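Student:
Residue numbers (the UniProt record's numbering), protein chains in the order written: chain A, 1 to 283; chain B, 1 to 435.
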């Protein structure tokens, strides 16, 4: 794309100045709250509010307290177990369904697609009471597998649409020539289409993995005992109680949980653009 | 001439016979398939007599004796039985169609698949798409369809803190909850006030994040910019970090007395000549809490739009702009006539999903200020949106499960109605390739 403004020299200088000013101001607005949280993680533990302090004394005391006095490591492990199982199950289901809706023409296909679209709009998390009763009956309350299935189910409709959009962009000529060579359904799926869809599968895996890390509502509601909590619910306790605010410890816990996710995110973010626009332009 | 000698199978007869599942298949000569259908039917009938009929009875009465009858379980079991019956009816229809199809096939081709081997092979060839989508439907059936169905039914009962089973029975009350929501003054005023803010919130927060996302994409996509990658990494940070971390951090920073926004940012602003801003009551004044929430959601949500729009921008061919330059178009004309239509065409459906997302964005409302400050009646705070009000109705000290379910249904109808209308308007459905 050409520069937005281009007529005279002064105009050009002015437009470039404004562009950089915008980029820098936005960057500061993004960095400031993050920096303040990171710094508070290393500040003294009697902190009551986050502050940005250039003369601060850096310490690891919060992390030591986090590991020795709280269940943080257990929460971390719980969240990991739930996130990884959600990721594996959801990616398999969504990839198979998305592939089918992209490649096959079968009876009920159109109705199925509309069903996915409509069901994705229903705020399933509002059905809290129903989840609670269901959990009570099948003995799933306070159990990881039940929460995992709820996460998986909630992610299927929308992600199947995105997956289908991506498979639509992979040319079908390859399938055809493989079929003429005698390849069956499974070979065409596993050996031709799956490798080509890897960028999107990676994106889906990342999103499915991040979901449980970001959710507060369902995990707070379905996992009751302290040793089964996820990080989000556990950390919230540190700042929810106004009489016993452990802000610095909250910051330290948040910092630790964010690091692996941010790294994964930036390793895979190259794939986002193709994944999103493929689903977006068609959908 | 074997074919001519062969007796024709009546398609009609095959269809009628398979009203008892399996008989039609046996008539067609597919003994194994017929037996399989018969066995499935027998299992269903046994289930219906032993479990099903009591379940339906319990579903209708919701129990008659407290303690012995748990109304909630009866409701749920009834719902499960409805699903099982529905699946059986679907199988019945499938079976009639199959018998008719095979009879036709027999008449034209003169033979049918009889061996188990050839039937299985046929199923693998034609049933492959169904096989691949079964897991998705299975999980959705239990995790989405079933809870939604139970919620729907619960909205027509009187399940609340006065009626907690098994000590008390729950009863069907028809449309009472909806009548209360719309006409009973106490609940109506809460509902209207919460719904009003939910709509304002959805429109402002989503439009904010879309506007900032598009603006940032357009500005940072200009060719001359140095350090594009660096800016891109920074702009993606709000998306990369788990939302609960940033929301809780913001919640701390916006504290009225000790928060960093009042302590550091505002006092910094006051260094600018002729600017004087006093501390802002972010957490105690509803207006400022709402302002803060919209700003934070804009901050959190713009990277997603930014990434998507950047992708679209890079796919717009340069010659479009060159042609516009030759025609003497100015910057604003180029933006409104080329850039914006291209972006909207490609991403409108995704924008719609962003609106529905914010309509139900529980995390930010609840984690920032627990829906507070203040109280607008019915247990809702002044910044509660419908979804967080439902959460409070369900988890509070005097739970109102039935009312919460009724609100959920109203939400769903609003969201689905508006989205479907907009999808239709943006012609997302008319794309031949997509459907």
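In this text, a Cβ means the ideal position worked out from N, Cα and C, and glycines have one as well.
Every value quoted in this text rests on a predicted model; they were computed, and no experiment measured them.
#1: Below 9 Å on C-beta distance, what does residue 271 (chain B) contact in chain A?
#2: For the alpha helix (DSSP H) that contains residue 328 (chain B), what are its first and last residues?
#3: Under 7 Å Cβ to Cβ from residue 116 (chain A), same chain only, skipping five residues before and after it: list those, please.
#4: Please state whether DSSP places residue 439 (chain B) in a helix, a strand or coil.
#5: Cβ of residue 54 (chain B) less than 8 Å from any chain A Cβ?
#6: How about residue 235 (chain B): is its C-beta nearer than 8 Å to some C-beta of chain A?
#7: Mind pulling the chain B residues with CB within less than 9 Å of residue 200 (chain A)?
#8: Can you grab the Cα-Cα spacing for the pair residue 290 (chain B) / residue 207 (chain B), in whole Å?
#9: Within a Cβ cutoff of 8 Å, which residues of the same chain sit near residue 328 (chain B), ignoring the five residues on either side of it in sequence?
#10: Pull up the distance between the alpha-carbon of residue 222 (chain B) and that of residue 215 (chain B), whole angstroms please.
#11: Name the residue from B:140, B:234, B:229 and B:285 whose alpha carbon lies nearest to the alpha carbon of residue 254 (chain B).
#12: For residue 382 (chain B) versus residue 396 (chain B), is the C-beta distance shorter than 8 Å?
#13: Using the DSSP secondary-structure output, state which residues sit across from residue 157 (chain B) in a beta bridge.
#14: So, do the segment 95-104 of chain A and the segment 162-171 of chain A have three or more beta carbon pairs nearer to each other than 8 Å?
#15: Any beta carbon of chain A sitting closer than 8 Å to that of residue 516 (chain B)?
#16: Rank A:80, A:52 and A:10 by C-alpha distance to the C-alpha of residue 264 (chain B) and give the top, closest one.
#17: Quick one: what does DSSP say residue 138 (chain A) is sitting in, helix, strand or coil?
#18: Any idea what DSSP makes of residue 2 (chain A), helix, strand or coil?
#19: Round the Cβ separation of residue 130 (chain A) and residue 150 (chain B) to the nearest angstrom and send it over; I've been treating them as touching at under 8 Å.
#20: Could you pull the start and end residues of the alpha helix (DSSP H) that residue 439 (chain B) belongs to?
#21: Near residue 422 (chain B), what residues of its chain come up, given a Cβ to Cβ distance below 7 Å and the 5 sequence neighbours on each side ignored?
#22: Once DSSP output is grouped into helix, strand and coil, what is the label at residue 292 (chain B)?
#23: Kindly say whether residue 333 (chain B), judged by its beta-carbon, lies nearer than 8 Å to any beta-carbon of chain A.
#24: Do residue 253 (chain A) and residue 34 (chain A) have their C-beta atoms closer together than 8 Å?
#25: Given 8 Å as the limit, is there contact between the segment 217-236 of chain B and the segment 194-213 of chain A, that is, 3 or more CB pairs closer than that?
#26: Quick one: residues in its chain with C-beta nearer than 6 Å to the C-beta of residue 238 (chain A), no 5 flanking neighbours on either side, listed in chain order?
#27: Return no unless some Cβ of chain A is closer than 8 Å to the Cβ of residue 128 (chain B).
#28: Examine chain B for any beta-carbon lying closer than 8 Å to the beta-carbon of residue 122 (chain A), and answer yes or no.
#29: Would you mind telling me which residues of chain B sit closer than 9 Å to residue 35 (chain A), beta carbon to beta carbon, in chain order?
#30: Just tell me which of B:358, B:251, B:374 and B:325 has its CA closest to the CA of residue 386 (chain B).
#31: So, for residue 5 (chain B): in the same chain, excluding its five sequence neighbours on each side, which residues have a beta-carbon less than 6 Å away from its beta-carbon?
#32: Taking residue 355 (chain B) and residue 202 (chain B) to be in contact with their CB atoms under 8 Å, please state how far apart those CB atoms are, rounded to whole angstroms.
#33: For a cutoff of 8 Å on Cβ pairs, would you count residue 232 (chain A) as touching chain B?
#34: Check each candidate in B:282, B:247, B:272 and B:237 and name the one with the smallest Cα separation from residue 258 (chain B).
#35: Quick one: does residue 62 (chain B) have its CB under 8 Å from some CB of chain A?
#36: Can you tell me whether DSSP reads residue 371 (chain B) as helix, strand or coil?
Tutor: In short:
#1: In chain order: nothing, as chain A lies at least about 15 Å away.
#2: Unbroken run through residue 328 (chain B): none, as it is neither H nor E.
#3: 157, 160 and 161
#4: Past the edges of chain B, shown from 1 to 435, lies residue 439 (chain B), and the structure says nothing about it.
#5: no
#6: yes
#7: None at all; the shortest Cβ gap to chain B is about 13 Å.
#8: 15 Å
#9: none
#10: 12 Å
#11: B:285
#12: no
#13: B:172
#14: yes
#15: Given a span of 1 to 435 for chain B in the structure shown, any question on residue 516 (chain B) remains unanswerable.
#16: A:52
#17: coil
#18: No answer about residue 2 (chain A) holds up, because its pLDDT of 48 lies below 50 and its placement is not dependable.
#19: 4 Å
#20: Beyond the ends of chain B as shown, which are 1 and 435, falls residue 439 (chain B); an answer cannot be given.
#21: 352
#22: helix
#23: no
#24: no
#25: no
#26: 246, 249 and 250
#27: yes
#28: yes
#29: Within 9 Å Cβ-Cβ: nothing; residue 35 (chain A) doesn't reach chain B, min ~11 Å.
#30: B:358
#31: Note that residue 5 (chain B) scores a pLDDT of 47, beneath 50, so its modelled location is shaky and nothing firm can be said.
#32: 6 Å
#33: yes
#34: B:282
#35: no
#36: coil
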